[in-house]
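Chemist: Heads up: the sequence shown at position 7 corresponds to 7 in full-length UniProt numbering, and the numbers run straight through without jumps.
From the three backbone atoms N, C-alpha and C, an ideal C-beta is built for every residue, glycine too.
No experiment lies behind these values; they were computed from the predicted model shown.
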Amino acid sequence: MFRTSLRQFSRSTKLLAEYKRKENPSYNELAARIDPIVRTGETIEVKRARLMYQSRKRGILESDLLLSRFAKKYLHKLTYEELDEYDKLLDEPDWDIYYWATQNYDVTPLPEQWKNSKILKMLQEDAQNPGPIKKDNNITPFIARALELQSVHPVVSYYCKVYVLEYILSNRLHTTDKEIEAFTIALLEDTESIKNSLDDEDLHKILTNRQLSLNVVFAFVFKLFLSSLEDISNYDGSNKIQLAGKLRAAINFMTSLKVFTGEGDESLDFSETTGGKCESKGEFVAFIKDKTKVLKYQLSRLIKNEIPLKGEDEELAKLEEKVDESTKPNENANEVVTSLINEDPALDIENCSSPQAYTPHDEKPLHLPGAPKYEPGQDADDDDEVKLPGAPKFLPDDDLSQINKDSSIKVFTPNQRPHEHEETPTKPTNSRSASANLTRQHEPITKENLQTILNTGENITKVQKHAKFAISALNYEDIETAEKELLQGLEVLRLIKENKET
């Protein structure tokens with residue numbers, strides 16, 4: 001009896017405990033937010049030091065860079081009231097501060113309490129003013145890549161930051177400007193905190209193992225390299241901007257592999273990383289340089305619109321087939337010519353073997369002037385010299401009856417001119433023009449050279465086809481195929497030339 005009542009009581013207690021727990025309780029994120037710590041009694045020096053530390057330790061690189069530079073530049077000038085306002089701004093979420101400073105209100109709208117803030121306006125002006133770091137193209141792309149992969153691939157993001165640090169320290173840029181110095185210090189602290197953090201054990205294990213880090217970063221970079229080349233081969237002209245950005249990112253990540261080629265990296269197994277392609281550090285450096293050059297070349301081709309579009313070769317092949325069909329000689333050409341000759345005997349090729357066959361019998365042949373007997377620069381003989389008539393010595397009114405009586409040549413006056421010596425002028429011969437007769441001096445058409453003419457047209461078409469295939473191969477940098485097509489075209493071209501000479 002006592003056991004039965006005890007069981008009922010325990011069961012009812014369990015049902016009472018589970019009453020109204022079918023659904024998750026409502027959660028108000030704003031109400032659950034922890035209020036910032038209100039500090040009182042701080043001196044202005046202590047407040048400045050604390051705010052400087054909080055500006056450098058924001059947790060994300062974007063805010064670290066932005067706020068650390070601002071704190072280094074303005075905190076020593078701010079009054080106590082302005083420091084309080086800046087302290088309240090630091091209590092806001094990191095991404096909110098970043099978007100407000102960059103005036104990206106579409107992502108995070110600006111609250112009313114910060115619309116007239118003097119400190120926020122100073123921060124916005126400082127974010128818009130490009131400092132020495134932002135002007136250096138050797139640094140800014142890698143910072144952008146580090147920010148892009150900070151949450152997606154933290155290992156690659158970490159080594160992009162390391163590349164920036166090594167570049168600044170090796171070129172001693174931190175000694176040239178106070179802002180670069182503050183940026184370098186913030187970046188050093190950020191990389192050290194990421195490497196020493198135990199929040200992610202896998203990340204900590206990779207970052208503390210140099211060989212493992214090289215394998216992970218190389219796998220990511222080479223995968224992006226192959227993906228970029230595949231996108232180039234499938235390029236259709238619609239994603240030019242996206243593909244250009246991907247190629248630039250691949251160039252940056254490929255360059256970041258140089259952090260594994262330092263003086264202390266001789267012990268790394270590059271053969272394991274590259275699958276046997278690189279046995280030493282020198283070969284790995286040459287490998288990086290070669291692949292970077294390939295990416296830059298493809299990027300330049302993309303910018304200059306020199307990459308053939310996908311499907312363009314298929315259209316070109318179809319067009320070439322149509323051209324070949326339209327220019328292909330008729331197989332029944334000989335039969336057509338023979339039928340024409342049978343219908344018109346005047347076109348008989350066998351009877352046209354000599355030029356005289358074209359000259360009609362009722363017409364006189366055309367006599368062209370011969371070659372000169374002497375060269376223009378030489379003096380001719382007296383016998384061959386041309387004698388031109390001189391000026392007349394007598395006027396028409398003079399008496400010609402008394403002139404030259406002793407000569408055998410008789411001079412007659414107009415009234416005494418004998419009519420019996422008049423001769424009728426000869427009628428000029430009717431001859432064809434020189435151009436009409438010259439056109440008949442070409443080589444006559446025979447059955448033998450007719451087939452040669454047809455074959456010449458077909459061979460010229462083959463040469464054009466080989467040239468088109470060579471150009472298409474050069475578009476894909478296929479040098480061997482282009483050379484093969486050009487050599488075949490040249491052989492056909494030589495045959496055409498030899499047939500014409502013979």
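1) Using the beta-carbon count (16 or more within 10 Å), is T273 buried or exposed?
2) Does the distance from the C-beta atom of V155 to that of S213 stay below 9 Å?
3) Quick test of your reading: L247 and S228, contact by CB under 8 Å. State the CB separation rounded to the nearest angstrom.
4) Go to Q113, then tell me how far its alpha helix (DSSP H) extends in each direction, as first and last residue.
5) So, at 7 Å on beta carbons, what are the nonlocal neighbours of L243 in its own chain, with the 5 sequence-adjacent residues on each side left out?
6) Please classify T43 as buried or exposed, where buried requires at least 16 neighbouring CB atoms within 10 angstroms.
7) For a quick check, are the C-beta atoms of T191 and Y158 less than 9 Å apart?
8) Measuring straight from C-alpha to C-alpha, what distance separates W95 and T175?
9) For P111, count neighbouring Cβ atoms within 10 angstroms of its own Cβ and tell me buried if that reaches 16, exposed if not.
10) For the alpha helix (DSSP H) containing F222, list its first residue and its last residue.
11) Just to confirm before moving on: does the CB-CB distance between F218 and L257 stay below 9 Å?
12) For F287, which residues in the same chain have their Cβ closer than 6 Å to its Cβ, ignoring the five residues on either side in sequence?
13) Report the rounded CA-to-CA distance for E483 versus E477, giving the unit in angstroms.
14) Just how far apart, CA to CA, sit K121 and A101?
15) Please work out which residues of its chain come closer than 8 Å, Cβ to Cβ, to I251, disregarding the five sequence neighbours upstream and downstream, and give them in chain order.
16) Taking R48 as the reference, which of T40, Y80, L67 has the closest Cα?
17) Return the CA-CA distance between G276 and Q150, expressed in angstroms with no decimal places.
18) Rounded to whole angstroms, what's the CA-CA distance from L486 to T456? Just pull it up for me.
19) Does any C-beta atom of chain B lie closer than 9 Å to the C-beta of M52?
20) Quick check: what's the CA-CA separation for P93 versus S55?
21) So is residue 503 buried or exposed if we call it buried at 16+ other beta carbons inside 10 Å?
22) Whole angstroms is fine: what's the gap from K223's alpha carbon to F270's?
23) What does the alpha-carbon distance come out to for the pair I241 and N305?
24) What number of angstroms, rounded off, separates the C-alpha of L474 from the C-alpha of Y98?
25) In the DSSP assignment, find the unbroken alpha helix (DSSP H) run with N171 in it and report its ends.
26) Can you tell me which of the three DSSP states L65 falls into?
27) Residues in its own chain within less than 7 Å of A71 by CB, not counting five upstream and five downstream?
28) Which runs of the alpha helix (DSSP H) at least 4 residues long sit entirely within the segment 245-282? Give them in chain order.
29) If R69 and E179 are in contact, beta carbons under 8 Å, what's the gap, nearest whole angstrom?
30) Quick one, which of K115, Q124, K195 has its alpha-carbon nearest T208's?
31) If you run the structure through DSSP and keep just helix, strand and coil, what is D200?
32) Can the beta-carbon of K88 be found closer than 9 Å to that of D126?
33) Given a threshold of 16 other Cβ atoms within 10 Å of its Cβ, counted over all protein chains shown, does residue 506 qualify as buried or as exposed?
34) Nearest-angstrom Cα distance between C160 and I307?
35) Thinking C-alpha only, which one of E283, T261, S117, V107 is nearest E82?
Modeler: With the given structure in hand:
1) Here residue 273 corresponds to residue number 273 of the sequence shown, with the count starting at 1. Its Cβ being crowded by 16 or more others within 10 Å, T273 is buried.
2) In the sequence shown, residue 155 corresponds to position 155, counting from 1. In the sequence shown, residue 213 corresponds to position 213, counting from 1. Pairing V155 with S213 gives a Cβ-Cβ distance under 9 Å.
3) Within the sequence shown, numbered from 1, the residue matching residue 247 stands at position 247. Within the sequence shown, numbered from 1, the residue matching residue 228 stands at position 228. About 5 Å separates the two Cβ atoms, so the contact holds.
4) As a first step, residue 113 is located in the sequence shown; it is residue number 113 there, counting from the start. Counting along the chain, Q113 falls outside any alpha helix (DSSP H), and DSSP gives it neither H nor E.
5) Against the sequence shown, residue 243 aligns to sequence position 243. In its chain, beyond the 5 residues on either side, D231, Y235, L302 have a beta carbon closer than 7 Å to the beta carbon of L243.
6) The residue given as residue 43 occupies position 43 in the sequence shown. Flag for T43 reads exposed.
7) The residue given as residue 191 occupies position 191 in the sequence shown. The residue given as residue 158 occupies position 158 in the sequence shown. Between T191 and Y158, the gap from beta carbon to beta carbon is short of 9 Å.
8) Taking the sequence shown and counting its residues from 1, the one referred to as residue 95 is at position 95. Taking the sequence shown and counting its residues from 1, the one referred to as residue 175 is at position 175. Approximately 31 Å, taken between the alpha carbons.
9) Reading the sequence shown from its first residue, position 111 is the one you call residue 111. Burial check for P111: the Cβ neighbour count within 10 Å stays below 16, so the residue is exposed.
10) The residue labelled residue 222 in the question sits at position 222 within the sequence shown. Here the alpha helix (DSSP H) through F222 covers 210-233.
11) Numbered from its first residue, the sequence shown carries residue 218 at position 218. Numbered from its first residue, the sequence shown carries residue 257 at position 257. Taking C-beta atoms as the reference points, F218 and L257 count as a pair closer than 9 Å.
12) Translated into positions along the sequence shown, residue 287 becomes position 287. Excluding sequence neighbours, F287 sits near C278.
13) Here the question's residue 483 lines up with position 483 in the sequence shown. Here the question's residue 477 lines up with position 477 in the sequence shown. For the pair E483 and E477, the Cα-to-Cα distance works out to about 11 Å.
14) Within the sequence shown, numbered from 1, the residue matching residue 121 stands at position 121. Within the sequence shown, numbered from 1, the residue matching residue 101 stands at position 101. Going by the C-alpha atoms only, they are around 8 Å apart.
15) In the sequence shown, residue 251 corresponds to position 251, counting from 1. Only residues of its own chain outside the window of five on either side were considered, and among them T292, L295, K296, L299 have a CB closer than 8 Å to the CB of I251, listed in chain order.
16) Against the sequence shown, residue 48 aligns to sequence position 48. Comparing Cα-Cα distances from R48 to each of T40, Y80, L67, the minimum goes to Y80.
17) Sequence index remark: in the sequence shown, residue 276 carries index 276 (1-based). Sequence index remark: in the sequence shown, residue 150 carries index 150 (1-based). Spanning the two alpha carbons is a distance of roughly 30 Å.
18) Reading the sequence shown from its first residue, position 486 is the one you call residue 486. Reading the sequence shown from its first residue, position 456 is the one you call residue 456. In a straight line, the C-alpha of L486 is about 18 Å away from that of T456.
19) Among the chains in the structure shown there is no chain B, since it carries only a single protein chain.
20) On the sequence shown, position 93 is the one that residue 93 refers to. On the sequence shown, position 55 is the one that residue 55 refers to. P93 and S55: Cα-Cα distance of roughly 13 Å.
21) Only positions 1 to 502 of the chain appear in this structure, which leaves residue 503 out of reach.
22) Within the sequence shown, numbered from 1, the residue matching residue 223 stands at position 223. Within the sequence shown, numbered from 1, the residue matching residue 270 stands at position 270. Their backbone Cα atoms lie some 17 Å apart in a straight line.
23) Residue mapping note: residue 241 aligns to position 241 of the sequence shown, counting from 1. Residue mapping note: residue 305 aligns to position 305 of the sequence shown, counting from 1. Each residue's Cα considered, the two are about 12 Å apart.
24) Taking the sequence shown and counting its residues from 1, the one referred to as residue 474 is at position 474. Taking the sequence shown and counting its residues from 1, the one referred to as residue 98 is at position 98. When rounded, the distance between both Cα atoms is 50 Å.
25) Along the sequence shown, read from residue 1 onward, the residue named residue 171 stands at position 171. Note, N171: premise wrong, no alpha helix (DSSP H); not H, not E.
26) Translated into positions along the sequence shown, residue 65 becomes position 65. For L65, the secondary structure class from DSSP, reduced to helix, strand or coil, is helix.
27) Taking the sequence shown and counting its residues from 1, one reaches residue 71 at position 71. Take A71, set aside five residues on each side of it, and the residues of its chain with a beta-carbon closer than 7 Å to its own are L51, M52, S55, in chain order.
28) As far as the segment 245-282 is concerned, its whole alpha helix (DSSP H) runs of at least 4 residues are 270-274.
29) Walking along the sequence shown from the start, residue 69 turns up at place 69. Walking along the sequence shown from the start, residue 179 turns up at place 179. Between the beta-carbon of R69 and that of E179 there is about 6 Å, and that keeps the pair under the 8 Å contact cut.
30) For the purposes of this step, residue 208 is identified with residue 208 of the sequence shown, where counting begins at 1. When the alpha-carbon of T208 is set against those of K115, Q124, K195, the nearest one is in K195.
31) Position 200 of the sequence shown, counted from the first residue, corresponds to residue 200. Assigned with DSSP and collapsed to three states, D200 falls in coil, not helix or strand.
32) Taking the first residue of the sequence shown as position 1, residue 88 is located at position 88. Taking the first residue of the sequence shown as position 1, residue 126 is located at position 126. Cβ distance not < 9 Å, so K88 and D126 don't count as in contact.
33) Look at the range of the chain in this structure, 1 to 502, and you will see that residue 506 is not part of it.
34) The residue labelled residue 160 in the question sits at position 160 within the sequence shown. The residue labelled residue 307 in the question sits at position 307 within the sequence shown. Going by the C-alpha atoms only, they are around 30 Å apart.
35) Here residue 82 corresponds to residue number 82 of the sequence shown, with the count starting at 1. The candidate whose alpha carbon is nearest that of E82 is S117.
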